[in-house]
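*Asks:* Residue numbers for the sequence shown follow the working numbering, so the first one is 120 and each next one is one higher. Beta carbons are placed, not taken as given, at the ideal position from N, Cα and C, and that holds for glycine. The structure displayed is predicted, hence computed values, not measured ones. Below is a structure I'd like to ask you about.
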Amino acid sequence: MAKDKERSLNPAAQQRKLDKAKALKKGKAEAQARRNEKLARRNPDRLQRQIDDLRALEEKGQIKPREKQMLEELDKDLKAVKKAREALGNKAPTFGKERQPRNDNNRDDRGVLGKRRWDGERRHHESDSGSDTDESVRRIPMPRDTPPPIPREYHQRKNLNRQFNEPEKENRDQRQPHALPQTTYESKTMYESAPQIRNLVQEATSRFIPNIVRKKISSTKGHGGLLEPEELDRLEKEGYAATAPGGGEDGGAGFQAQLQQGPPQAPASLVSRAQTDIEAYTAAEAEEEIRRLAEEEERFRAELMKQVTVEDVPDEDDL
(Lines of atoms letter the chains of each structure in order from A; the text may use other names.)
(Lines give C-alpha, C1' and ligand atoms only; values in the text may rest on other atoms or scores of the structure.)
Protein backbone atom coordinates (compact mmCIF):
# COMPACT_ATOMS: atom_id res chain seq x y z
CA MET A 120 0.00 0.00 0.00
CA ALA A 121 2.84 2.40 0.83
CA LYS A 122 4.53 1.61 -2.47
CA ASP A 123 1.36 2.48 -4.38
CA LYS A 124 1.13 5.82 -2.51
CA GLU A 125 4.74 6.70 -3.29
CA ARG A 126 4.19 5.83 -6.94
CA SER A 127 1.11 8.05 -7.13
CA LEU A 128 3.19 11.16 -6.11
CA ASN A 129 4.37 13.37 -8.92
CA PRO A 130 8.21 13.67 -8.88
CA ALA A 131 8.06 17.29 -10.09
CA ALA A 132 5.57 18.24 -7.35
CA GLN A 133 7.68 16.45 -4.77
CA GLN A 134 10.77 18.36 -5.90
CA ARG A 135 8.92 21.66 -5.69
CA LYS A 136 7.80 20.74 -2.21
CA LEU A 137 11.39 20.06 -1.14
CA ASP A 138 12.63 23.32 -2.70
CA LYS A 139 9.93 25.25 -0.91
CA ALA A 140 10.87 23.67 2.42
CA LYS A 141 14.54 24.53 1.81
CA ALA A 142 13.68 28.12 0.94
CA LEU A 143 11.59 28.49 4.12
CA LYS A 144 14.38 27.03 6.22
CA LYS A 145 16.92 29.34 4.60
CA GLY A 146 14.70 32.37 5.14
CA LYS A 147 14.24 31.50 8.82
CA ALA A 148 17.98 31.08 9.23
CA GLU A 149 18.70 34.44 7.61
CA ALA A 150 16.07 36.15 9.75
CA GLN A 151 17.55 34.58 12.89
CA ALA A 152 21.04 35.67 11.85
CA ARG A 153 19.87 39.25 11.31
CA ARG A 154 18.11 39.17 14.68
CA ASN A 155 21.24 37.85 16.41
CA GLU A 156 23.39 40.49 14.72
CA LYS A 157 21.02 43.23 15.83
CA LEU A 158 20.94 41.95 19.41
CA ALA A 159 24.73 41.49 19.49
CA ARG A 160 25.20 45.19 18.75
CA ARG A 161 23.65 45.99 22.15
CA ASN A 162 26.04 46.38 25.06
CA PRO A 163 25.35 43.72 27.72
CA ASP A 164 27.33 45.64 30.36
CA ARG A 165 25.05 48.62 30.02
CA LEU A 166 21.97 46.42 30.29
CA GLN A 167 23.44 44.77 33.38
CA ARG A 168 24.05 48.16 35.05
CA GLN A 169 20.47 49.23 34.36
CA ILE A 170 19.24 45.97 35.84
CA ASP A 171 21.43 46.45 38.91
CA ASP A 172 20.06 49.96 39.45
CA LEU A 173 16.50 48.71 39.24
CA ARG A 174 17.32 45.79 41.57
CA ALA A 175 18.66 48.25 44.11
CA LEU A 176 15.44 50.25 43.94
CA GLU A 177 13.44 47.05 44.33
CA GLU A 178 15.38 46.11 47.45
CA LYS A 179 14.73 49.55 48.93
CA GLY A 180 11.04 49.28 48.08
CA GLN A 181 11.04 52.44 45.93
CA ILE A 182 10.42 50.79 42.59
CA LYS A 183 7.39 51.83 40.54
CA PRO A 184 5.15 49.56 38.46
CA ARG A 185 6.56 50.99 35.25
CA GLU A 186 10.14 50.41 36.44
CA LYS A 187 9.23 46.87 37.49
CA GLN A 188 7.89 46.14 34.01
CA MET A 189 11.05 47.66 32.53
CA LEU A 190 13.16 45.37 34.77
CA GLU A 191 11.43 42.29 33.39
CA GLU A 192 11.97 43.48 29.81
CA LEU A 193 15.64 44.17 30.49
CA ASP A 194 16.11 40.67 31.89
CA LYS A 195 14.65 39.17 28.73
CA ASP A 196 16.76 41.45 26.54
CA LEU A 197 19.93 40.59 28.42
CA LYS A 198 19.34 36.85 28.02
CA ALA A 199 18.63 37.33 24.29
CA VAL A 200 21.76 39.46 23.84
CA LYS A 201 23.99 36.93 25.59
CA LYS A 202 22.49 34.12 23.54
CA ALA A 203 23.02 36.06 20.28
CA ARG A 204 26.64 36.86 21.18
CA GLU A 205 27.28 33.22 21.93
CA ALA A 206 25.78 32.27 18.56
CA LEU A 207 28.03 34.72 16.71
CA GLY A 208 31.14 33.80 18.67
CA ASN A 209 34.19 35.70 17.47
CA LYS A 210 32.12 37.73 15.03
CA ALA A 211 30.32 39.50 17.90
CA PRO A 212 31.27 43.19 18.17
CA THR A 213 33.39 44.28 21.11
CA PHE A 214 32.74 47.31 23.27
CA GLY A 215 35.38 49.48 24.88
CA LYS A 216 35.48 50.49 28.48
CA GLU A 217 32.97 53.06 29.61
CA ARG A 218 34.18 56.59 30.05
CA GLN A 219 35.13 57.55 33.56
CA PRO A 220 35.04 61.03 35.06
CA ARG A 221 38.02 63.12 34.09
CA ASN A 222 40.74 63.24 36.71
CA ASP A 223 44.14 64.73 36.08
CA ASN A 224 45.74 62.68 38.87
CA ASN A 225 45.08 59.33 37.20
CA ARG A 226 45.42 60.63 33.67
CA ASP A 227 48.56 58.58 33.06
CA ASP A 228 46.87 55.40 34.22
CA ARG A 229 44.43 55.33 31.29
CA GLY A 230 45.60 54.01 27.96
CA VAL A 231 43.71 56.53 25.77
CA LEU A 232 44.90 59.02 23.23
CA GLY A 233 45.43 62.56 24.36
CA LYS A 234 43.90 65.76 23.01
CA ARG A 235 45.52 68.96 21.87
CA ARG A 236 45.65 71.69 24.47
CA TRP A 237 45.28 75.40 23.85
CA ASP A 238 49.04 75.90 23.87
CA GLY A 239 49.44 73.46 20.97
CA GLU A 240 50.93 70.58 22.97
CA ARG A 241 49.40 67.15 23.23
CA ARG A 242 48.32 65.27 26.29
CA HIS A 243 49.50 61.74 25.89
CA HIS A 244 51.02 59.04 27.87
CA GLU A 245 54.60 60.30 28.13
CA SER A 246 57.57 58.12 28.80
CA ASP A 247 59.93 58.61 31.71
CA SER A 248 62.40 60.52 29.55
CA GLY A 249 59.70 63.06 28.57
CA SER A 250 60.63 62.94 24.86
CA ASP A 251 59.92 60.70 21.88
CA THR A 252 63.39 61.30 20.40
CA ASP A 253 65.56 58.24 20.00
CA GLU A 254 68.69 57.95 22.11
CA SER A 255 70.91 57.77 19.04
CA VAL A 256 69.50 61.01 17.69
CA ARG A 257 69.90 62.71 21.07
CA ARG A 258 73.60 61.87 21.13
CA ILE A 259 74.30 63.84 17.95
CA PRO A 260 76.28 66.95 19.04
CA MET A 261 75.01 70.40 18.03
CA PRO A 262 77.34 72.59 15.92
CA ARG A 263 79.39 75.12 17.91
CA ASP A 264 79.83 77.52 14.99
CA THR A 265 77.75 80.67 14.46
CA PRO A 266 74.38 79.92 12.89
CA PRO A 267 73.74 81.23 9.37
CA PRO A 268 72.25 84.74 9.06
CA ILE A 269 68.56 85.24 8.53
CA PRO A 270 67.72 86.10 4.90
CA ARG A 271 67.14 89.75 4.06
CA GLU A 272 63.78 89.00 2.44
CA TYR A 273 62.44 87.86 5.80
CA HIS A 274 63.41 91.20 7.40
CA GLN A 275 61.84 93.20 4.55
CA ARG A 276 58.59 91.25 4.76
CA LYS A 277 58.50 91.70 8.54
CA ASN A 278 59.06 95.46 8.23
CA LEU A 279 56.28 95.79 5.67
CA ASN A 280 53.86 93.95 7.92
CA ARG A 281 54.83 96.16 10.84
CA GLN A 282 54.33 99.35 8.80
CA PHE A 283 50.97 98.12 7.61
CA ASN A 284 49.74 97.24 11.10
CA GLU A 285 51.05 100.33 12.96
CA PRO A 286 48.61 102.86 11.36
CA GLU A 287 45.67 100.66 12.24
CA LYS A 288 46.91 100.41 15.82
CA GLU A 289 47.35 104.18 16.06
CA ASN A 290 43.90 104.80 14.64
CA ARG A 291 42.44 102.31 17.06
CA ASP A 292 44.17 104.02 20.01
CA GLN A 293 43.14 107.51 18.86
CA ARG A 294 39.52 106.62 18.26
CA GLN A 295 37.17 109.17 19.79
CA PRO A 296 33.43 109.22 20.31
CA HIS A 297 31.61 110.58 17.30
CA ALA A 298 28.17 112.02 16.79
CA LEU A 299 25.28 109.83 15.85
CA PRO A 300 24.46 109.66 12.14
CA GLN A 301 21.63 111.80 10.91
CA THR A 302 18.36 110.01 10.71
CA THR A 303 16.66 110.19 7.34
CA TYR A 304 12.91 110.24 7.32
CA GLU A 305 11.06 108.63 4.49
CA SER A 306 8.94 111.03 2.48
CA LYS A 307 5.28 110.13 2.53
CA THR A 308 2.66 111.13 0.01
CA MET A 309 -0.22 113.07 1.52
CA TYR A 310 -3.66 112.75 -0.06
CA GLU A 311 -6.06 115.63 0.42
CA SER A 312 -9.75 115.73 -0.45
CA ALA A 313 -10.35 119.36 -1.30
CA PRO A 314 -13.80 120.35 -2.62
CA GLN A 315 -14.06 120.73 -6.39
CA ILE A 316 -15.74 123.99 -7.34
CA ARG A 317 -17.61 123.92 -10.63
CA ASN A 318 -18.89 126.85 -12.63
CA LEU A 319 -22.28 125.52 -13.72
CA VAL A 320 -23.19 128.66 -15.69
CA GLN A 321 -20.05 128.38 -17.79
CA GLU A 322 -20.58 124.65 -18.34
CA ALA A 323 -24.19 125.20 -19.40
CA THR A 324 -23.36 128.00 -21.83
CA SER A 325 -20.33 126.16 -23.29
CA ARG A 326 -21.91 122.71 -23.68
CA PHE A 327 -25.62 123.24 -24.34
CA ILE A 328 -25.27 125.59 -27.32
CA PRO A 329 -27.35 124.75 -30.40
CA ASN A 330 -25.45 123.46 -33.37
CA ILE A 331 -26.52 126.38 -35.59
CA VAL A 332 -25.37 128.92 -33.05
CA ARG A 333 -22.07 127.06 -32.59
CA LYS A 334 -21.46 127.10 -36.36
CA LYS A 335 -22.11 130.83 -36.58
CA ILE A 336 -19.77 131.54 -33.65
CA SER A 337 -17.02 129.40 -35.19
CA SER A 338 -17.49 131.12 -38.56
CA THR A 339 -17.02 134.56 -36.93
CA LYS A 340 -13.70 133.27 -35.50
CA GLY A 341 -12.48 132.21 -38.93
CA HIS A 342 -13.10 128.48 -38.64
CA GLY A 343 -14.46 126.65 -41.66
CA GLY A 344 -13.54 129.24 -44.28
CA LEU A 345 -13.50 133.00 -44.87
CA LEU A 346 -16.64 135.17 -44.69
CA GLU A 347 -17.73 137.89 -47.02
CA PRO A 348 -17.97 141.41 -45.58
CA GLU A 349 -21.77 141.34 -45.97
CA GLU A 350 -22.08 138.06 -44.07
CA LEU A 351 -19.76 139.30 -41.32
CA ASP A 352 -21.81 142.52 -40.96
CA ARG A 353 -25.01 140.48 -40.75
CA LEU A 354 -23.56 138.27 -38.01
CA GLU A 355 -22.38 141.31 -36.09
CA LYS A 356 -25.85 142.83 -36.27
CA GLU A 357 -27.34 139.59 -34.98
CA GLY A 358 -24.96 139.73 -31.98
CA TYR A 359 -22.68 136.80 -32.71
CA ALA A 360 -19.42 138.81 -32.83
CA ALA A 361 -18.45 142.41 -32.10
CA THR A 362 -15.30 142.46 -34.26
CA ALA A 363 -13.93 140.16 -36.90
CA PRO A 364 -10.87 138.07 -36.16
CA GLY A 365 -7.72 139.72 -37.45
CA GLY A 366 -9.60 142.87 -38.48
CA GLY A 367 -6.94 145.35 -37.54
CA GLU A 368 -4.98 145.68 -34.33
CA ASP A 369 -8.06 145.95 -32.11
CA GLY A 370 -9.66 142.97 -33.79
CA GLY A 371 -6.57 140.77 -33.31
CA ALA A 372 -6.25 141.80 -29.69
CA GLY A 373 -9.91 141.10 -29.06
CA PHE A 374 -9.60 137.71 -30.70
CA GLN A 375 -6.61 136.81 -28.51
CA ALA A 376 -8.41 137.97 -25.39
CA GLN A 377 -11.42 135.89 -26.37
CA LEU A 378 -9.21 132.80 -26.76
CA GLN A 379 -7.66 133.37 -23.32
CA GLN A 380 -11.06 133.73 -21.68
CA GLY A 381 -11.93 130.13 -22.55
CA PRO A 382 -15.10 128.72 -24.10
CA PRO A 383 -17.59 131.33 -25.43
CA GLN A 384 -20.62 132.27 -23.40
CA ALA A 385 -23.85 133.02 -25.23
CA PRO A 386 -25.73 136.18 -24.10
CA ALA A 387 -29.50 136.22 -23.57
CA SER A 388 -30.25 137.91 -26.93
CA LEU A 389 -28.13 135.31 -28.72
CA VAL A 390 -29.96 132.46 -27.04
CA SER A 391 -33.37 133.88 -27.97
CA ARG A 392 -32.19 134.37 -31.57
CA ALA A 393 -30.92 130.76 -31.63
CA GLN A 394 -34.26 129.47 -30.40
CA THR A 395 -36.06 131.32 -33.21
CA ASP A 396 -33.68 129.79 -35.78
CA ILE A 397 -34.24 126.32 -34.34
CA GLU A 398 -38.04 126.67 -34.57
CA ALA A 399 -37.81 127.89 -38.17
CA TYR A 400 -35.51 125.00 -39.06
CA THR A 401 -37.88 122.50 -37.46
CA ALA A 402 -40.92 123.86 -39.41
CA ALA A 403 -39.03 123.75 -42.72
CA GLU A 404 -37.90 120.19 -42.01
CA ALA A 405 -41.52 119.13 -41.28
CA GLU A 406 -42.78 120.65 -44.55
CA GLU A 407 -40.04 118.85 -46.46
CA GLU A 408 -41.03 115.53 -44.89
CA ILE A 409 -44.72 116.03 -45.79
CA ARG A 410 -43.83 116.85 -49.39
CA ARG A 411 -41.62 113.76 -49.64
CA LEU A 412 -44.40 111.51 -48.34
CA ALA A 413 -46.91 112.95 -50.87
CA GLU A 414 -44.49 112.28 -53.71
CA GLU A 415 -44.03 108.70 -52.54
CA GLU A 416 -47.82 108.17 -52.46
CA GLU A 417 -48.29 109.50 -56.00
CA ARG A 418 -45.46 107.27 -57.25
CA PHE A 419 -47.08 104.23 -55.64
CA ARG A 420 -50.45 104.97 -57.30
CA ALA A 421 -48.83 105.34 -60.71
CA GLU A 422 -47.19 101.97 -60.32
CA LEU A 423 -50.53 100.41 -59.50
CA MET A 424 -52.15 101.88 -62.64
CA LYS A 425 -49.42 100.45 -64.83
CA GLN A 426 -50.08 96.92 -63.73
CA VAL A 427 -52.20 94.78 -66.14
CA THR A 428 -54.77 92.33 -64.88
CA VAL A 429 -54.71 88.97 -66.74
CA GLU A 430 -57.92 86.92 -66.77
CA ASP A 431 -58.31 83.29 -67.87
CA VAL A 432 -60.64 83.03 -70.91
CA PRO A 433 -61.94 79.49 -71.75
CA ASP A 434 -61.22 78.19 -75.28
CA GLU A 435 -64.05 77.37 -77.74
CA ASP A 436 -62.80 73.79 -78.13
CA ASP A 437 -63.35 73.17 -74.45
CA LEU A 438 -66.97 74.31 -74.78
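1) Are the stretch 177–194 and the stretch 137–155 in contact at 8 Å, needing three or more beta carbon pairs?
2) Given this structure, state the Cα-to-Cα distance separating VAL200 from ASP171, to the nearest angstrom.
3) Please state whether the Cβ-Cβ distance between ALA159 and ALA211 is less than 7 Å.
4) Just reading off the alpha helix (DSSP H) that ILE170 is part of, what are its end residues?
5) Identify the continuous alpha helix (DSSP H) that holds MET189 and give its terminal residues.
6) Three-state secondary structure (DSSP) at THR60?
7) Can you tell me whether DSSP reads GLY230 as helix, strand or coil?
8) Could you give the distance in angstroms between the alpha-carbon of ASN278 and the alpha-carbon of PRO267?
9) Assuming the contact rule is C-beta atoms closer than 8 Å, LEU197 and GLN151 should be a hit. Round their C-beta distance to whole Å, please.
10) Rounded to the nearest angstrom, how far is the Cβ of ILE214 from that of ASN129, given a contact under 8 Å?
11) What's the gap between the Cα of VAL320 and the Cα of THR303?
12) Give me the Cα-Cα distance between ASP253 and ASP194, rounded to the nearest whole angstrom.
13) Could you compute how far the alpha carbon of GLN134 sits from the alpha carbon of GLU149?
14) Assign VAL332 to one of two classes, buried (16 or more other C-beta atoms within 10 Å of its C-beta) or exposed (fewer than that).
*Replies:* According to the structure shown:
1) no
2) 17 Å
3) yes
4) 163–179
5) 184–207
6) One cannot answer for residue 60 here, as it falls past the ends of the chain, which runs 120 to 438.
7) With a pLDDT of 47 at GLY230, under the threshold of 50, the modelled position of this residue cannot be trusted; read the value that follows with caution. Three-state DSSP puts GLY230 in coil, outside helix and strand.
8) 20 Å
9) With a Cβ gap of about 19 Å, LEU197 and GLN151 do not count as contacting.
10) The amino acid occupying residue 214 in the given sequence is Phe; Ile does not appear at that position. Incorrect: roughly 55 Å between the Cβ atoms, too far for contact.
11) 50 Å
12) 54 Å
13) 22 Å
14) buried
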